[in-house]
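Note sheet for the following structure.
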Amino acid sequence: MTISVLAVDDSRTMRDMITLALRDEGFDIHLAEDGEHGLEVLESLAPDVIITDINMPRLDGFGFIDAVRDRGESRHTPILVLTTESSPELKARARDAGATGWIVKSFAQDKLIRALRMVAG
0 MTISVLAVDD
10 SRTMRDMITL
20 ALRDEGFDIH
30 LAEDGEHGLE
40 VLESLAPDVI
50 ITDINMPRLD
60 GFGFIDAVRD
70 RGESRHTPIL
80 VLTTESSPEL
90 KARARDAGAT
100 GWIVKSFAQD
110 KLIRALRMVA
120 G
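The sequence shown runs contiguously to residue 120 in numbering that gives the first Met the number 0.
Written out as C-alpha cells, the structure reads:
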C-alpha cells in the first residue's frame with residue numbers, strides 16, 4: 000500500500016530532506032511551502048498523513064492544524080509536527096489543536112518512516 004504524504008514546511012532544505020527520506024520507501028510525496036499553500040494543496044488531495052512545521056510565514060503550523068481539523072474531509076487525517084521546537088507547552092498546544100504526534104528536527108529517517116507508517120494505519 001502506498002502512503003500519501005503532504006509535507007508542509009517553509010524550508011526548501013527540509014522539503015528536500017523529507018522527499019529524499021521518503022521517496023525510496025515508496026511514499027507518495029506532496030509538498031507545500033507554508034500553511035496557506037498546504038490548505039490549497041488539500042483542495043485537490045486527500046493524503047493519508049500530513050507532516051507540518053510550526054514556524055512558517057502566512058499561516059503557521061498551529062493555524063494550519065486548526066484549519067485542517069475544521070475541514071470535514073481531513074478532520075481525521077493524522078498530522079505529525081516536524082519542528083525544531085521541543086517545549087512541552089508547544090507540544091501541548093499542538094496536541095490540543097489536533098496534532099497526532101511530534102518529531103524534533105533533525106529527524107532520523109527510520110524514525111520518521113516508522114511514525115508515518117504507524118499513524119497512517
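Note that the Cβ used here is the ideal one computed from N, Cα and C, for glycine as well. Because the structure is a prediction, the values reported are computed rather than measured.
Asked, Found
"Could you give the distance in angstroms between the alpha-carbon of Ala93 and the alpha-carbon of Pro46?", "19 angstroms"
"Output yes or no for whether 9 angstroms exceeds the beta carbon distance between Ile17 and Leu111.", "yes"
"Within 10 Å of its beta-carbon, does Val103 have 16 or more other beta-carbons around it, so buried, or fewer, so exposed?", "exposed"
"Alpha carbon to alpha carbon, how far is Phe61 from Ala96? Give it in angstroms, no decimals.", "7 angstroms"
"In angstroms, rounded to a whole number, what distance separates the CA positions of Arg57 and Phe63?", "10 angstroms"
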